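Reading through the structure tokens given below for one structure.
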């Protein structure tokens, strides 16, 4: 389009500013440019941009609305992305892989603590679900912290002490289900100052740790940050 004797790109935000100015709408022009500056600030501060997207709604959608005011033609990403409010514990379990859900995850109340400690060390994990000797019913949970505080610190023998003597009993056990939201799981862990939570859907189906939860949150935020940066760089058309 031609404006003021020169050719202007209708998709250029400056064109919108010129149109507003030509008609004497200086206030509207100023507001449009302030909106553009806000977008540019998000690019300069990726962390602020990611937080803005998570807690103020879908940033891509918001940017679409702002860009449309400047005459830009944009579209949403082809793949619909899930927010953290839609990520569940079951998805975290799946990312850990089936090989991480095996017989090593469990021990029994009458097992020696030394065997439980070896099990955790061999598999690089920090906790084991404790089952009752007579079946698959959960009796509690034993963690590396239990071993340190109740065995090492007290000078007890891990060879002659049974897991049932140091575990967290089922009556005091904090659990989640596979459909628990990941943010809710994080809240449960932080409020109760625990690092491991069994996942129980009628029966034990797995275990998640605070590391699993934080990793899931970081991966989700990294994806959202990438989509925001891609949008600002103009990689969505």
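In full-length UniProt numbering, the protein residues as written are 1 to 237. Here a beta-carbon is modelled for each residue, glycine too, at the ideal position from N, C-alpha and C. These numbers come from a predicted model, not from an experiment.
Query, Result
"Buried versus exposed call for residue 137 [16 or more other C-beta atoms within 10 Å across all chains shown]", "exposed"
"For residue 130, the first and last residue of its enclosing beta strand (DSSP E)", "127-131"
"Neighbour-count burial assignment, residue 56, 16 or more Cβ in a 10 Å radius", "Only weak support is given to the placement of residue 56: the predicted model assigns it a pLDDT of 46, under 50, and the question is left unresolved by the model."
"Short Cβ contact (9 Å threshold) for residue 128 with residue 163", "yes"
"Cα-Cα separation between residue 233 and residue 150, rounded to whole angstroms", "55 Å"
"6 Å Cβ shell around residue 92 - same chain, five flanking residues per side excluded", "208, 212 and 216"
"N- and C-terminal bounds of the beta strand (DSSP E) containing residue 112", "Per DSSP, residue 112 belongs to no beta strand (DSSP E) and is neither H nor E."
"Which of helix, strand or coil DSSP assigns to residue 139", "strand"
"Distance between residue 124 and residue 117 (C-alpha atoms, nearest Å)", "10 Å"
"Among 161, 147, 153 and 188, the one whose alpha carbon lies nearest that of residue 176", "188"
"8 Å CB neighbourhood of residue 112 in its chain, flanking five on each side removed", "158, 159, 160, 161, 162 and 163"
"Pick from 218, 200 and 131 that is closest to residue 110, judged by C-alpha positions", "131"
"Strand pairing of residue 181, partner residues [DSSP]", "88"
"Where residue 209 sits in the DSSP three-state scheme", "strand"
"Own chain residues within Cβ distance below 6 Å of residue 147, not counting five before or after", "117"
"Where residue 190 sits in the DSSP three-state scheme", "helix"
"Contact check, residue 197 vs residue 174, beta carbons under 9 Å", "yes"
"DSSP beta-bridge partners of residue 162", "112"
"Residue 146: first and last residue of the uninterrupted alpha helix (DSSP H) it sits in", "144-147"
"For residue 168, the three-state DSSP class (helix, strand or coil)", "strand"
"Classification of residue 190 by the beta-carbon crowding that lies within 10 angstroms, buried from 16 upward", "exposed"
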